[in-house]
Every structure is written in C-alpha cells, then in structure tokens.
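In this note's numbering, the protein residues as written are 181 to 892.
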Amino acid sequence: MSHSTSSTDTHCPYCALQCGISLTPTPGPEAATPVALQGRNFETNGGALCRKGYSAAELLAHPERLSAPLARQADGSFAAVEWDEALDLVAHKVRALQASHGPDSVAVFGAGGLTNEKAYQLGKFARLALGTSRIDYNGRFCMSSAAAATNRAFGLDRGLPFPLRDLDSAAMILMLGSNVAETMPPFVRHLDGAREAGGLIVVDPRRSATAQLSENGAGWHLQPTPGSDLPLLLALSHVLLTENLADARYLEERTAGLAALRTSLNAWWPERVATLTGVPAAQIRRTARALAAGAERAKQGGAPVFILTGRGVEQHENGTDTVSAAINLALLLGLPGTRAGGYGTITGQGNGQGGREHGQKCDQLPGYRKISDPAHRAHVAAVWGVAPEQIPGPGLPATELLRTLGTPGGSRMLLVHGSNPVISAPDAGNVLRALRRLDFLVVCDFFLSETAAEADLVLPVLQWAEEEGTMTNLEGRVLRRRAALTAPAGARSELWIMSQLAERLDAPGRFSDDPREVFDELRRASAGGLADYSGVSWSAVQSGQPVYWPCPTGGDPGGTPRLFLDRFAHPDGKARLIPVTAHGATEAVDANQRLWLITGRLLEHYQSGVQTRRVAQLQAAADQGLLEIHPSTARAHGIIDGQPVRVSNDRGTVTARARFSPELRLDTVFLPFHFPGENNANLLTRDDVDPHSAMPEFKNAAVRLTPLESRE
Numbered sequence: 181m182s183h184s185t186s187s188t189d190t191h192c193p194y195c196a197l198q199c200g201i202s203l204t205p206t207p208g209p210e211a212a213t214p215v216a217l218q219g220r221n222f223e224t225n226g227g228a229l230c231r232k233g234y235s236a237a238e239l240l241a242h243p244e245r246l247s248a249p250l251a252r253q254a255d256g257s258f259a260a261v262e263w264d265e266a267l268d269l270v271a272h273k274v275r276a277l278q279a280s281h282g283p284d285s286v287a288v289f290g291a292g293g294l295t296n297e298k299a300y301q302l303g304k305f306a307r308l309a310l311g312t313s314r315i316d317y318n319g320r321f322c323m324s325s326a327a328a329a330t331n332r333a334f335g336l337d338r339g340l341p342f343p344l345r346d347l348d349s350a351a352m353i354l355m356l357g358s359n360v361a362e363t364m365p366p367f368v369r370h371l372d373g374a375r376e377a378g379g380l381i382v383v384d385p386r387r388s389a390t391a392q393l394s395e396n397g398a399g400w401h402l403q404p405t406p407g408s409d410l411p412l413l414l415a416l417s418h419v420l421l422t423e424n425l426a427d428a429r430y431l432e433e434r435t436a437g438l439a440a441l442r443t444s445l446n447a448w449w450p451e452r453v454a455t456l457t458g459v460p461a462a463q464i465r466r467t468a469r470a471l472a473a474g475a476e477r478a479k480q481g482g483a484p485v486f487i488l489t490g491r492g493v494e495q496h497e498n499g500t501d502t503v504s505a506a507i508n509l510a511l512l513l514g515l516p517g518t519r520a521g522g523y524g525t526i527t528g529q530g531n532g533q534g535g536r537e538h539g540q541k542c543d544q545l546p547g548y549r550k551i552s553d554p555a556h557r558a559h560v561a562a563v564w565g566v567a568p569e570q571i572p573g574p575g576l577p578a579t580e581l582l583r584t585l586g587t588p589g590g591s592r593m594l595l596v597h598g599s600n601p602v603i604s605a606p607d608a609g610n611v612l613r614a615l616r617r618l619d620f621l622v623v624c625d626f627f628l629s630e631t632a633a634e635a636d637l638v639l640p641v642l643q644w645a646e647e648e649g650t651m652t653n654l655e656g657r658v659l660r661r662r663a664a665l666t667a668p669a670g671a672r673s674e675l676w677i678m679s680q681l682a683e684r685l686d687a688p689g690r691f692s693d694d695p696r697e698v699f700d701e702l703r704r705a706s707a708g709g710l711a712d713y714s715g716v717s718w719s720a721v722q723s724g725q726p727v728y729w730p731c732p733t734g735g736d737p738g739g740t741p742r743l744f745l746d747r748f749a750h751p752d753g754k755a756r757l758i759p760v761t762a763h764g765a766t767e768a769v770d771a772n773q774r775l776w777l778i779t780g781r782l783l784e785h786y787q788s789g790v791q792t793r794r795v796a797q798l799q800a801a802a803d804q805g806l807l808e809i810h811p812s813t814a815r816a817h818g819i820i821d822g823q824p825v826r827v828s829n830d831r832g833t834v835t836a837r838a839r840f841s842p843e844l845r846l847d848t849v850f851l852p853f854h855f856p857g858e859n860n861a862n863l864l865t866r867d868d869v870d871p872h873s874a875m876p877e878f879k880n881a882a883v884r885l886t887p888l889e890s891r892e
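In structure tokens, the structure reads:
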C-alpha cells in the first residue's frame, strides 16, 4: 500500500452527514495507520468527528483486509485465485444459469454506501450485462418509506430539502424516531439553537441520548409506545384543525386535499390517542399549540420551525403513512417551501441519498426516472446506446428478492455489493437459509463479512480512502471522495469488476472503469429527471464548491440548496395533503410476559458492524449487543443486571446480557443490530413490509424473555 505525499481532503466513510476529514500520510513501518485522519472545517461537522470517524483510518491497513479473490473449495474452505479465473467463473455461472432458468435467475443486491458512480453503473450492469430485472439494495431497508411519502406529498424526494445549516437558527425542532446524538454526533451542533430557545421536542419510546438533550428547559420528550407514532401525529394535526391553529392562507395557496384530510382526522382527538400511545392528552395539546405558535412567529420574521423524521418512525409496516402524517403536520403549519422552516428526513447511510437516485432500486432508472415509464426508458436507453426494449421492467424489492432466493421463480445466483444482509436484513435467519439455497453467491467486499463467509466467490474491492468518485450527503449536496492511498495489489474497484464482466458477457453499451467518465454518463442519464445532475460540474465538486441537486444544465451552477420555494414538484405546483389512518401495524403483545422489542444503533458501531467491530477501541467499548431493559420490567421477569437472557419469538432466538436502563418504557426492551451469530437482533425482526415502499418492519417485534444461568 502506497500513498501520496500531501494532505488529502475527503469525507468520512460512514453516515450521510459525510463529515469533512483530511488524510495526511504517515510513512514508515512504525506508523500505526497509513494516514493520519483529522476532522476539517466542513459545513456539516465544523471539524468535529464521532468515535467512528476518528478511528476510520485504522481499517486501511487492517490484517483481515482481503487482497485476493477467494473461491470456495470442495471441502468448504476458501482458496485464493487469480482475477481472470474468478471473473471467468462468474461469467460462466451467469451464462449457464440464465441459459437454463432465464435472465432473472441472476440477481444483484447493492448498497447505500456505494459512490454515485458505482451505484449508477451497478444498475446499468444488472439490466444490460446481466439482462435481469432482479436488482435492489439495502437502502430499501433505510429510506424507502420516507422517499415514498415525500414523493407523493411534494412530487420529489430529497432527504433534507434545505441545507443542514438552516437548522442552526431554528427556534423549534420536532424530531421523531432519530437518535442523532449516538448515530451521528456532529449533527447535534445543529440542534443548539432550538435547545437554547427551549424548543427541541423529541419523540422516542426510549429516553435516548437525543431525548436527553431536551431536558433542563431545552424542550421536552414524548415517549409513546413502539409503533404508535402515527396516531400521535394524527392527534397533533387534529388539534391544529379543531383549534383553528393551521395556516389557512398557506393551505389554500400551496396545498390540495385539505377537506379529505380534515375528515380523516376527526377520529384522532388527544384523549383517544393518549390511550393508544401512552402520551398524555395535555402533552399532545401543549406540543401542537407550541408548534403553531412557533410557526406563526417564524412567518413574522422569527426563527424557523422544522419537523424531522428518522428510521424509528419509518421502519414499520405503516412507515410511509407515518411520514405522510409528519408531512401533513408540517403543511398544516405552513412550513415546507418557505424560509419559516420545513420538513426533512435524516438520511442514514453514507450515500443513502445518491445511492437511491441512480438505478439501484428495482423500479427506478437514473435521475429518479421510473422504469415503467416509456419516455423515461427511452431517455436512458439513448444514453446507454441500446433500444428501450433491452432494458428489463421492474423487479422485486429487497425483502421479497431475498426471501425468494433459491425458490421456484426466485433467483438462483446473487451478486452482493457493499451489503451484509446476513446481519442487516429482517428475519435474518430466513435470509441466511435463502442464501444457502443459492446455486452461486458472489460477494464484493474488503473484509470477510458474515455474508461473504457464505459466498462461493469473494471479490476484494477498494476501501474508501483508495477510490475516487462522488457522494451525495443528507442535504442533497454532491461531494468529492478522493483517494489518499494506492490500494493493495489484489484489490479492484467495482467499476473495473463490472467493466471486465460486461466484456466477458458481451454486454451492449460501454462500461468504463474511470469514475469521472462514469460520472459524466450519469449526468447525461439523469438530465431532465427529478434528480437532475446534468449541470453538476466535476471541477466545481472537486474545488469544494457547494452544489445541490437538482442542478440542470444551464441553471445555477450551485444547483438548488432549498427546494419548493416557488412551487412543489407536482404539475399544479401544490403539495398534497394525504389522508392516512392508523390500524393494525403493531405486532401484538400479550399478558404472558411478552414485550415490545425495538432495535437501533450504538455510538460505537455502524450498520452491520463489519468495519467498526474490527476497530479495537470501538469493539472494546461495545463488544456485544446488550439487552436494555427497565429495572422494574427485569424484576418482573426474574432478571438481574448483567445476566444472560434468551430473547425469543417465532422467528428466532437471541442471547444477550441484560443492562438495566430506566430510559426504557416498562413494556419495551432494546437491542442494537450490529452483532452476529446468536447476538443478531435481526433474527427477531419481522419481514412484513409497508405496502407503499416495501420497507420492512424493523422497529417493532413482540418477544419473550427467559433468564439464563450465567456462563461466566
């Protein structure tokens, strides 16, 4: 591994905050890492980093780094093989299976951590080189409900339709289902204004680190039962309408659907909702009235008011409707598309925004184009140099794609890029069984993840500090990822892998391995689409100039930092108020000592933990997933602090040590989802999906607890 001689400005490899960092070479055999990593003064982080970011360089020369293709042998072991042999094997398996079982017998599973260029080319590769409709990605587990809701309300989905810095001056922020204090700590600086004004309102079944930021006069915490965010939001909107607190002029001029929404909210008065959520009616009324007063002051020149959602309210069977209820609340307050505030969703994965725009989703083509729209297909086909009929139609969303692997009609070969579904997918035990039914599994990764360990072939790829490209952060800003190191000789870029396989498969079109060439093609493919990158200049992004999509050719070179100031993206320019209702999306608990399980992240770990569990200091700080439980609940179950506990339901069983936490509701327990084996929380989660977004139900499962004898 070699490196440049000067400092390189780039961005953190983890979450969508994409904190600015600088990498400086540390030559010499005594160096602990090949580069020294420092936070730099970028807008999202102001020089600050979290533990994960500070320690990211420790992975760049990790002894477990993969540096040669690994092929499964007859005895079950792996053996290193040459790249030509590995790629020839992939091409042979693709041809043989498709000859016998059709093009959809081969599937692709991508990721929200891939660069824009890799995400774009992966969608193109699946549809042209493989000829398959079966492509989806792990962003289906993260952002799909928010995307579905914002598309139907506004006509366009961008996580934050305003720069993150707009939050700095807010007087009020209502935050639902997001624990940014642990998941992306540098975000907290953007909450300081609301905290100082006493206006940070956090909705969470746990008294999370973020909820604690609202204490001591900084705001307040609403603690509903798991899965009841939707009726809570309906009640807040009910109060606005019944007490004439909504912005009537804004609703008349900028929205459609008020009459139907008003009727749909009649049944959701606070006293009724208090019995469903556990949030007192007085708190519901206090919150609605405070938001209305704050919004009124903002429109008179005061500080803005924002409503933000995260995965905690989205990863449910009714996640799309819950986000719609949050958007309806913001619209009733007259906020979206104004300087008085707005609505936004907090993107999670590093390129969760860009990764969902350019063709990894089973129903989308680049630029947020619909794969079923003839005009959209024609545009992309022209850029790709093929006939529109050569592009397959819609495929299967992630949960269904994984569930059907190896079954009649399901795919028999899977290529995984940058994802670890053995840990991260719902009902993970069923996913593991599905992977083992495959005829052939190929995994591209830089460590032997739990999914890679199941593969027939593992292809070693570049790490973040070894590759060039672009990322799009949570506010829709296009950023430059720069290489500071030369990769190990055996590792390859996914762009190169796709290019080589496309050649072996006689694919139509051109598959470049040059990130800038792929970016230029992405720009042309997205031109005229909702996510239009055609005017994004590589040189502008290279220089660090702020550029936000949509950025059409001939428009402002900085793109569109704030969306909807003049009109929403529907043909009539108006936002849609979508009537929704709450019913039956919560898995029932019973009186037989059965509890609600919610899952989430820890400060020390990221996603499935493939990277962070290999950083010694992070693993030492959190080496297993502990079962957080209220002391009173634990006593009722005969559990003492630190005792091993069996957590079980019909889907699976997890073993975890108990950690007493008064921050939990009495009816709720919490497990982090970063850990493998018998500590894998997703063995318990449900793969029931939202009908609009196909988002699985991660955040609510019924479980039973059984105390075990200590094994120490």
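By construction, the Cβ of each residue, glycine as well, lies at the ideal position given by its N, Cα and C atoms.
Just so you know, these numbers come straight off a predicted model, no measurement behind them.
Item, Value
"Span separating the alpha-carbon of Lys754 from that of Arg465", "28 Å"
"Other residues of its chain near Ala711: CB distance less than 6 Å, five sequence neighbours each side excluded", "Glu537, Gly547, Tyr548, Trp729"
"Residue range of the beta strand (DSSP E) that includes Glu808", "807-809"
"DSSP state of Ala765 mapped onto helix, strand, coil", "Confidence at Ala765 is low in this model, with a pLDDT of 44, below 50, so the placement of that residue is unreliable and no value is reported for it."
"Residues that DSSP places opposite Trp776 in a beta bridge", "Thr848, Ala882"
"Which listed residue (Phe334, Asn296, Leu197) has its alpha carbon closest to that of Leu344", "Leu197"
"Phe170 versus Leu576, Pro207, Arg375, residue with shortest Cα-Cα distance", "No information on residue 170 is available, as it lies outside the stretch 181 to 892 that the chain covers here."
"Residues bridged to Phe486 [DSSP beta-bridge criterion]", "Ile353, Gly522"
"Backbone secondary structure at Phe334 - three-state DSSP", "helix"
"Validate contact between the stretch 397-405 and the stretch 434-449 using beta carbons, cut 8 Å, 3 pairs", "no"
"Heavy atom of the ligand MG within 7 Å of Asn653 beta-carbon", "Ligands displayed in this structure: none; no statement on the ligand MG is therefore possible."
"Short Cβ contact (8 Å threshold) for Ala882 with Pro411", "no"
"Test item: CB-CB of Pro640 and Ser285 under 8 Å", "no"
"Residue range of the beta strand (DSSP E) that includes Ser828", "824-828"
"Nearest to Pro871 (by Cα), restricted to the options Ala328, Pro852, Asn600", "Ala328"
"Residue environment, Glu889, which counts as buried when at least 16 other CB atoms sit within 10 Å", "exposed"
"Exposure label - Thr500; buried when at least 16 CB within 10 Å", "buried"
"Delimiting residues of the beta strand (DSSP E) encompassing Tyr136", "No answer is possible for residue 136: it lies beyond the span of the chain, which begins at 181 and ends at 892."
"Buried versus exposed call for His785 [16 or more other C-beta atoms within 10 Å across all chains shown]", "buried"
"Whole-Å CB distance - Thr213 paired with Glu238, under 8 Å assumed", "6 Å"
"Contiguous alpha helix (DSSP H) assignments of at least 4 residues, all confined to the stretch 547-631", "554-564, 578-583, 601-604, 608-617"
"At least 3 beta-carbon pairs within less than 8 Å: the stretch 256-271 vs the stretch 822-832", "no"
"Backbone CA spacing between Val602 and Glu630 [nearest angstrom]", "6 Å"
"Own chain partners of Pro574 with C-beta closer than 7 Å, once the 5 adjacent residues on each side are dropped", "Ser313, Cys542, Asp543, Ile551, Ser552"
"Span of the alpha helix (DSSP H) around Leu420", "409-422"
"Anticipated Cβ contact below 8 Å, Arg794 with Glu262, distance rounded", "Going by Cβ atoms, the distance from Arg794 to Glu262 rounds to 26 Å, so no, they are not a contact pair."
"First through last residue of the alpha helix (DSSP H) which encompasses Phe699", "695-706"
"C-beta atoms of Ala483 and Arg369 nearer than 8 Å", "no"
"Beta-carbon proximity list for Thr813, same chain, < 6 Å, skipping 5 on both sides", "Leu846"
"Close-in-space but distant-in-sequence residues of the same chain around Thr733 (CB under 6 Å, 5 per side omitted)", "Ser714, Gly715"
"Uninterrupted beta strand (DSSP E) stretches inside the stretch 234-270 (no shorter than 3 residues)", "250-252, 258-260"
"Residues that Tyr728 bridges to, as DSSP identifies them", "Arg657, Gly739"
"Minimum C-alpha distance to Gln799 - residue among Leu585, Glu808, Ser788", "Ser788"
"Classification of Asp337 by the beta-carbon crowding that lies within 10 angstroms, buried from 16 upward", "buried"
"Cutoff 6 Å; reference Thr188; Cβ partners in own chain excluding five residues on either side", "Leu203, Arg662, Ala664"
"Simplified DSSP state of Asp427, which is helix, strand or coil", "coil"
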